[in-house]
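Protein sequences appear in the order of chains D and H. Taking my numbering, the leading residue of the first sequence gets 2, the next gets one more, and so forth. Taking my numbering, the leading residue of the second sequence gets 2, the next gets one more, and so forth.
2 protein chains.
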Amino acid sequence: MEKIFIFGHKNPDTDSICSSLIREILDKKNGYTNTEARRLGKVNKETQYVLDYLQIEAPELLEKVEEGQKVILVDHNEFTQSVEGIEKAEILSVVDHHRIANFQTSSPLYYTAKPYGCTATILYEEFKQFGHEIDKKEAVLMISAIISDTLLLKSPTTTKKDEQALKELSEIAKIDVNTYGIEMLKAGTDLSEFSEEELINLDAKKFEKDNIKYKIAQVNTVSIDDVLKNQVKLEEEINKKIKEEGLDLFVFVITDILNNNSEILVLGNRSDIISKQVELKNNRAFLEGVVSRKKQIVPFVEKGIQ
Amino acid sequence: MEKIFIFGHKNPDTDSICSSLIREILDKKNGYTNTEARRLGKVNKETQYVLDYLQIEAPELLEKVEEGQKVILVDHNEFTQSVEGIEKAEILSVVDHHRIANFQTSSPLYYTAKPYGCTATILYEEFKQFGHEIDKKEAVLMISAIISDTLLLKSPTTTKKDEQALKELSEIAKIDVNTYGIEMLKAGTDLSEFSEEELINLDAKKFEKDNIKYKIAQVNTVSIDDVLKNQVKLEEEINKKIKEEGLDLFVFVITDILNNNSEILVLGNRSDIISKQVELKNNRAFLEGVVSRKKQIVPFVEKGIQ
Chain D
2 MEKIFIFGHK NPDTDSICSS LIREILDKKN GYTNTEARRL GKVNKETQYV
52 LDYLQIEAPE LLEKVEEGQK VILVDHNEFT QSVEGIEKAE ILSVVDHHRI
102 ANFQTSSPLY YTAKPYGCTA TILYEEFKQF GHEIDKKEAV LMISAIISDT
152 LLLKSPTTTK KDEQALKELS EIAKIDVNTY GIEMLKAGTD LSEFSEEELI
202 NLDAKKFEKD NIKYKIAQVN TVSIDDVLKN QVKLEEEINK KIKEEGLDLF
252 VFVITDILNN NSEILVLGNR SDIISKQVEL KNNRAFLEGV VSRKKQIVPF
302 VEKGIQ
Chain H
2 MEKIFIFGHK NPDTDSICSS LIREILDKKN GYTNTEARRL GKVNKETQYV
52 LDYLQIEAPE LLEKVEEGQK VILVDHNEFT QSVEGIEKAE ILSVVDHHRI
102 ANFQTSSPLY YTAKPYGCTA TILYEEFKQF GHEIDKKEAV LMISAIISDT
152 LLLKSPTTTK KDEQALKELS EIAKIDVNTY GIEMLKAGTD LSEFSEEELI
202 NLDAKKFEKD NIKYKIAQVN TVSIDDVLKN QVKLEEEINK KIKEEGLDLF
252 VFVITDILNN NSEILVLGNR SDIISKQVEL KNNRAFLEGV VSRKKQIVPF
302 VEKGIQ
């Protein structure tokens, strides 16, 4: 039977992996047996914590898709963040919580976007709409995605729907969300074994506006200084990436998940987009209360572009 | 209170008008009191038949929107088919059954697309999801949109969901769908009072692909010959439109709603896009079994462009 692949964005985060798995489960419950979760990159440590907790395997890696391949996108829509070959794939369905851009299809499709903090919250509502029971494993997958995307409901992207879903799911899973959540988030901040090259690629998303190509990479940490201790080497790798991909701007966001602030490291020949809005010292700026790429950093960059 | 406008595409058809009205009713039932249906053009005769049947007024005309105006789109998403100023509006929500293209937002939003024959069928499902009762007026609005978009379930765009919705709605409305539908469709084919200039604008949609700008206008009739009796004048008006809007191609589709076929009249310096696929005689071709712009004509043009 022809397989339909379900996947989140490149540099997958916990929402991308967990929502792919959840969507596969939802499809199976609805009788669609040929959809299968995939991932577009390495599993990060936070997500690995979740998979280990549940003792399940990660989805298989998907490098690219052939023309006409049927796919379902979760947690993203922009082609720049999707699989190689997406332009020629047949997109059957999208479930996402981001803005819509750099996306088009030639046929009608299912598209469900809601401005929630997390894709899994949308899928949670679909489980309820279809009247499906949710078991412990499913609940933990959704809980993990919600905690990750909302930083335990502290990110400004958090909505009442995420709060409500997390509350109801925690009752099903019978786990203490705060204890589990802090452990999961902390697992994700263990960056010790990553090279600087890997750090700036771990969770990087590419954007384009008015012909300006920019990339925003983000890491979570409990110590900003620790991540920046080798700034010279980080800048070297960022400049290499800028050259390789023809970027105009690279913003590396180091987010302190305990205090909910971020430091940014900014490079590229269009770093004026940032520096005209906030003073950069040594290519860096501290952004109080900023934790969300989608809700805070992207609009900030776009404001600078306009 | 700040108003939020709900509207369908330019040259509104029955689905665009009825779904705007239905979405306003749905919003009110859900407690949102400040959304109001609007229309982006003249009410056509088919839609007027529906409004007269229900003894209700058409939504107010909306000429353009100011920057930051909050809007909800139904039955379309492509900016080329939307209101003047849409690029600077804040799109809160979209409910649609077309492909997604020439559309983008800077913020997350609600987007519900399903590949059904009609937007009203999606809204019908939302009424059910929210557990709202449907009264006779609401049922007739939805029935009319479904009949119009699916040509009484005969168009290839028709899905099981449209069939099912129409069946359930006809039980609520207690009307004979076939009798009502034929009368409604026939009302739409009364083109007697339209000039040739008006005919080619009645239901025209603009598209763009690979920098090729094209327009597909469609009229329904019970006599194709009758519509084409003044072909010279029609061509004159089409050529004027091509010049005015810088179009590369104009396809005028005359659909016989009783026999479910269409004749096309093709003009523009890129009419080769059509003529390499089907022989044009006197700029015309007869397309057996073709009735749907979305499912048949647009893919046909796009195939020619590639």
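Even for Gly, the Cβ is constructed at its ideal location relative to N, Cα and C. What you are looking at is a predicted structure, and each value in this text was computed from that prediction instead of being measured.
- Its chain contains Val84, Glu85, Gly86 as the residues whose beta carbon lies nearer than 7 Å to that of Lys65 of chain D, once the 5 sequence neighbours on both sides are disregarded; these appear in chain order.
- Interface with chain H (9 Å Cβ-Cβ cutoff): Arg294 of chain D is excluded.
- Within its own chain, the residues whose Cβ lies closer than 8 Å to the Cβ of Ala174 of chain D, once the five positions on either side in sequence are excluded, are Lys137, Ala140, Val141, Ile144, listed in chain order.
- At the C-beta level, Gln232 of chain D and Asn283 of chain D come within 9 Å of one another.
- The beta carbon of Glu303 of chain H lies closer than 7 Å to those of Lys210 in the same chain, with the five residues before and after it left out.
- Only buried fits Lys295 of chain H, as 16 or more other CB atoms lie within 10 angstroms of its CB.
- Listed along chain D, no residue sits closer than 8 Å to Phe251 of chain H by beta-carbon distance, the nearest being about 21 Å off.
- Assignment of beta strand (DSSP E) within the stretch 23-50 of chain D, counting only whole runs of 3 or more residues, yields 36-40 in chain order.
- Measuring C-alpha to C-alpha distances from Ser193 of chain H to each of H:Ile217, H:Glu169, H:Ser171, H:Asn221 identifies H:Asn221 as the nearest.
- Burial state of Asp28 of chain H is buried, judged by a 10 Å Cβ sphere holding 16 or more other Cβ atoms.
- Residues of chain H whose Cβ lies closer than 8 Å to the Cβ of Arg100 of chain D are, in chain order, Gln105, Thr106, Ser107, Ser108, Pro109, Leu110.
- In the DSSP assignment, Glu164 of chain D falls within the unbroken alpha helix (DSSP H) covering 161-174.
- Contacts with chain H at 9 Å (Cβ-Cβ) do not include Thr15 of chain D.
- By a beta-carbon distance limit of 8 Å, Gly69 of chain H contacts Glu91 of chain H. Their separation comes to about 6 Å.
- Beta-bridge annotation (DSSP): Ser263 of chain D is paired with D:Thr256, D:Leu288.
- The stretch 40-55 of chain H makes contact with the stretch 177-191 of chain H, as at least three CB pairs between them are under 8 Å.
- The beta carbons of Tyr112 of chain H and Tyr112 of chain D sit closer together than 9 Å.
- At a cut-off of 9 Å between beta carbons, Gln82 of chain D makes no contact with chain H.
- Distances from the CA of Gln307 of chain H to each of H:Ile275, H:Leu167, H:Asp97 were compared; the closest alpha carbon is that of H:Ile275.
- In the DSSP secondary-structure assignment, Asn221 of chain D is bridged to D:Thr256.
- For Glu303 of chain D, the neighbours in chain H by C-beta distance under 7 Å run, in chain order, Ser107.
- Of all residues in the stretch 108-139 of chain H, those with a C-beta nearer than 9 Å to a C-beta of chain D are Ser108, Pro109, Leu110, Tyr111, Tyr112, Thr113, Ala114, Lys115, Pro116, Tyr117, Gln130, reading in chain order.
- Cβ neighbours of Thr122 of chain D within its own chain (closer than 7 Å, five residues either side excluded): Ile147, Lys162, Asp163, Ala166.
- Under the Cβ criterion (8 Å, minimum of three pairs), the stretch 149-160 of chain H counts as touching the stretch 115-130 of chain H.
- When C-alpha distances from Glu126 of chain D are compared across D:Asn35, D:Glu169, D:Glu236, the shortest belongs to D:Glu169.
- Excluding residues up to 5 positions away in sequence, Lys155, Val292 lie with their Cβ nearer than 6 Å to the Cβ of Asn261 of chain H in the same chain.
- Ranking D:Pro109, D:Glu88, D:Asp226 by CA distance to the CA of His98 of chain H puts D:Pro109 first.
- Cβ contact annotation for Met2 of chain H (same chain, cutoff 8 Å, sequence separation greater than five): Thr34, Asn35, in chain order.
- Per DSSP, Glu3 of chain D lies in no beta strand (DSSP E) and is assigned neither H nor E.
- Around the beta carbon of Glu264 of chain H, a 10 Å sphere encloses 16 or more other beta carbons of the protein chains shown; the residue is thus reported as buried.
- Nearest in C-alpha terms to Tyr215 of chain D, of all of D:Leu203, D:Val299, D:Thr180, is D:Val299.
- Pro300 of chain H belongs to the set of residues whose beta carbon lies under 9 Å from a beta carbon in chain D.
- Around the Cβ of Ile57 of chain H, a 10 Å sphere holds fewer than 16 other Cβ atoms; the residue is exposed.
- Annotated three-state conformation of Lys137 of chain H is helix, per DSSP.
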